[in-house]
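Visitor: Protein chains in written order, with the numbering used here: chain L, 1 to 454; chain Z, 455 to 908. All residues carry an ideal CB built from backbone N, CA and C; glycine is no exception. Quick caveat, the model's predicted, so the values are computed rather than measured.
(1) For residue 669(Z), would you say it is in contact with chain L, using Cβ-to-Cβ distances shorter than 8 Å as the test?
(2) Could you name the residues of the region 586 to 603 of chain Z whose beta carbon sits closer than 8 Å to any beta carbon of chain L, in the order they occur along the chain?
(3) How big is the Cα-Cα spacing for residue 570(Z) and residue 479(Z)?
(4) May I ask you to list, following chain order, the residues of the region 474 to 486 of chain Z that have a beta carbon less than 7 Å from some beta carbon of chain L?
(5) If you measure beta-carbon to beta-carbon, which residues of the region 189 to 200 of chain L are closer than 8 Å to chain Z?
(6) Counting Cβ pairs closer than 8 Å, one from the region 430 to 448 of chain L and one from the region 310 to 323 of chain L, do we hit at least three?
(7) Thinking just about the alpha-carbon of each residue, which of 544(Z), 504(Z), 543(Z) is nearest to the one in residue 534(Z)?
(8) Is the distance from the Cβ of residue 261(L) to the Cβ of residue 308(L) below 8 Å?
(9) In terms of residue numbering, what span does the alpha helix (DSSP H) encompassing residue 607(Z) cover?
(10) According to the Cβ coordinates, are residue 461(Z) and residue 45(L) closer than 8 Å?
(11) Rounded to a whole number of angstroms, what is the C-alpha to C-alpha distance between residue 881(Z) and residue 835(Z)?
(12) Run the CB neighbour count on residue 332(L), radius 10 Å, all protein chains shown included, and call it buried at 16 or more, exposed below.
(13) Applying a beta-carbon distance threshold of less than 9 Å, which residues of chain Z neighbour residue 98(L)?
(14) Rounded to whole angstroms, what is the Cα-Cα separation between residue 568(Z) and residue 583(Z)?
(15) Quick check on residue 42(L) - is its C-beta less than 8 Å from some C-beta in chain Z?
(16) Tell me, please, whether the region 382 to 391 of chain L touches the region 413 to 425 of chain L by the rule of three or more beta-carbon pairs shorter than 8 Å.
(17) Give, in chain order, every residue of the region 66 to 85 of chain L whose Cβ lies closer than 9 Å to some Cβ of chain Z.
(18) Where does residue 91(L) fall in DSSP's three states?
(19) Check for me: the beta strand (DSSP E) holding residue 114(L) runs from which residue to which?
(20) With 8 Å set as the bound, which would you pick, yes or no: does the beta-carbon of residue 845(Z) sit closer than that to a beta-carbon of chain L?
(21) For chain Z, find out if any of its Cβ atoms is closer than 8 Å to the Cβ of residue 403(L); answer yes or no.
(22) Could you check the C-alpha separation between residue 552(Z) and residue 437(L) for me, to the nearest Å?
(23) Could you run through the region 722 to 752 of chain Z and flag, in chain order, every residue whose CB is less than 7 Å away from some CB of chain L?
(24) Is the beta carbon of residue 883(Z) sitting closer than 8 Å to the one on residue 862(Z)?
(25) Can you tell which of 475(Z), 466(Z), 463(Z), 469(Z) has the C-alpha that lies nearest to the C-alpha of residue 795(Z)?
(26) Would the region 604 to 620 of chain Z count as touching the region 727 to 740 of chain Z if we require 3 or more Cβ pairs under 8 Å?
(27) Thinking residue 814(Z) and residue 823(Z) are a contact (beta carbons under 8 Å), I'd like their distance in whole angstroms, please.
(28) Where does residue 726(Z) land, buried or exposed, given buried means 16+ other C-beta within 10 angstroms?
(29) What residues from the region 314 to 338 of chain L come within 8 Å of chain Z, judged by C-beta to C-beta, listed N to C?
(30) What does residue 507(Z) touch in chain L if you count any residue whose Cβ is under 7 Å from its own?
(31) By the three-class DSSP mapping on this structure, what secondary structure does residue 68(L) have?
(32) Please name the residue, chosen from 507(Z), 855(Z), 681(Z), that lies closest to residue 3(L) on a Cα-to-Cα basis.
(33) Give me, in chain order, the residues of the same chain whose beta-carbon lies closer than 8 Å to that of residue 465(Z); leave out the 5 immediate sequence neighbours on both sides.
(34) Over what stretch of residues does the alpha helix (DSSP H) that includes residue 374(L) continue unbroken?
(35) Mind pulling the chain Z residues with CB within less than 9 Å of residue 418(L)?
(36) For a contact meaning CB atoms closer than 7 Å, what does residue 457(L) contact in chain Z?
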């Protein structure tokens, strides 16, 4: 006998939790589709030489390799042939480059699959987790209006997920780099300063200022103060965001381009009817160093800043330089759903009460079995999710079972109901019980489900 | 530059194909849920010592092992810590045993995930493929009525998938073993004979008869003929199935139990309203040797017998003997969707024409952009999937784009429409074009989509 157990670092859910998780996946998918994104799925493993094109780094240290039994026995030199994907971006790059001539550009794809990273095992860190990504990929060029559509998608996702008030915050890498230029910070010093400013949340302003003016950077105190005060810019409302961007004044060409792009994004969000409480500029957002080149996004839950960004992304210049000579600029976001789900459970925000089953068709006597089957099929025909009780039990035990399983409705059809052409329905959530005509059973339940939902 | 390519033996789809595949997945899931099955997902990898409890065999030879970079460098002795799942049954056994005290029995679960096998690379054989499984697991006992519900699920799945007429065929291991007993074939000889009869389709009757009466088996010609004539029993219609089972007469206790169980299944399917053309008994079905102990199912497409069984399964005595002292009898089926999808495409049965996007909101002039955004949001609010054209183009080019992308409707709102409070809608599938009030746009499109669907 072997002790049944999962490997460390994975999140395996009980059915009721899985239902809640599945609902989130479905909501995200429906929202992505409502914005015209097309589904893509890629294999869990890629060829190692294809996956690991970039020179090593933290990510590559975390890669899982895959070997068949035969390959394992041969113990060949070099890397194993296959490796598990560690994100959905590299597979997207490979996919777009491989199928470039079969795709229409701008190519709008969503992908919601698990990715794998050999993280150090600790609470809330997962080695297997879902990413839910969208990207719009252009060929040669990509209209900046796509950048401004992305926050509208983020808005729709989190409105529908209904996990609390949230704010989509954005910044622009050109604004940042242009601002640095204006202060005489150029070339690779920009990256070093960016990396330092990215630590503001963790280290605080005083510590970062000390580093920036210290031996490593030797920035003048005045320059450091300007950097910090720039990083402090956050807007509250649409007009305030426009005012704060205007107040930045004129700068280098790059600076002005970034600022104008943010203004255009703000106006487009307004035209799409996104409530102004849901978006803001936040000039402290940097997000990585070498990947993003334009707008960058982060999304936070207003009541839970400790969770950090729940949906991030941005604009990049070239998706697939390792695989294709074509220039493929793009913009996209990612939701790390496994971690988010775990955090929402920890914060008590997710309700895992309801079952996916709508109705339990009960059974009081052997004589009723054929009718119970027919009733179940009738309710299924009406679009309901139905479990049939296979053996007769006392009515109280059947109600108890439904209640514990989170099944909201119980339907019973005994001799009396059959003679009268009726069915007894009970709504466990309200306690309401009623005898209704057989024809009306589906509608009776449906109305109550829809009432709940609205 | 590295050539972008997928590993051999995986099926990666273009978006339009992926949409067709996703629709099948959704249909299967909705059907499983309509019968009250609950979702389970397990990690792609299991601990090797947990996954590989059984003594080696063909399956174990095909296992993929997983190693982190660190573990790879250490080159330790013994098996790597992790291995990819090769089916959903072993993970189910581990799951049920691990979470036994948190689950309600009978436990009805569905699981639709990819599994991995290091198959020899050949056309139509996949190393990564979806399995879509349901199982009902009892604790100590499981009412045989669950066995009879499974074909009703199979029926609903393939009716909804609408890939052609099909027949769910079943047999019963007790009937088979009881019949062998009656012929004096007992113990491990039963398994050897079963294995031989399983080859009937491939080898033909004459060859199998020769083997059964040859040196290895030394069965009398008369006994071999009885086996072959038993294997030939197939029913056409409900009454015929009952008659053929009755005509088998009385046998050993086991034989009679198997026969009675099949009769009960037939009656239950009738009570559920399953059309009698959709199910049949087929006494040649054996399905594996050591796993199934009761009813066994196969499903075939009437017009495509060459595809073989598209949904198979059966009843087993004990799911998790390796992981738990509890006796966990169960019944289940599996659909190998990746291979099925591939076969349906090969046979020209699957239509990959339509996009998941319902409407392209076109753009004729820069002045219309804000209105195009607002219109897109309005249509999304009505539940439609909408792509917005981001840059103005000639109307003919926009129709052409929608047509090529498989998007059925185009919506346009220029200056004239804005002044009149209308929108111009075109249905590319019928050529119908109409100017309708803005308020009625969603309904206009919805009606046509629903008309198509019905």
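Guide: In this structure, then:
(1) no
(2) 597, 599, 600, 603
(3) 18 Å
(4) 476
(5) none
(6) no
(7) 504(Z)
(8) no
(9) 599 to 615
(10) yes
(11) 20 Å
(12) buried
(13) 457, 458, 459, 460, 466
(14) 5 Å
(15) yes
(16) no
(17) 66, 67, 68, 69, 70, 71, 72, 75, 79, 80, 81, 82, 84
(18) helix
(19) 107 to 116
(20) yes
(21) no
(22) 44 Å
(23) 722, 725, 726, 727
(24) yes
(25) 475(Z)
(26) yes
(27) Residue 814(Z) to residue 823(Z), Cβ: 15 Å. No contact.
(28) buried
(29) 320, 322, 323, 324, 325
(30) 2
(31) strand
(32) 507(Z)
(33) 580, 582, 583, 792, 795, 796
(34) 369 to 381
(35) Ordered by position in chain Z, no residue passes the 9 Å Cβ test against residue 418(L), which lies about 13 Å from the chain.
(36) Given a span of 1 to 454 for chain L in the structure shown, any question on residue 457(L) remains unanswerable.
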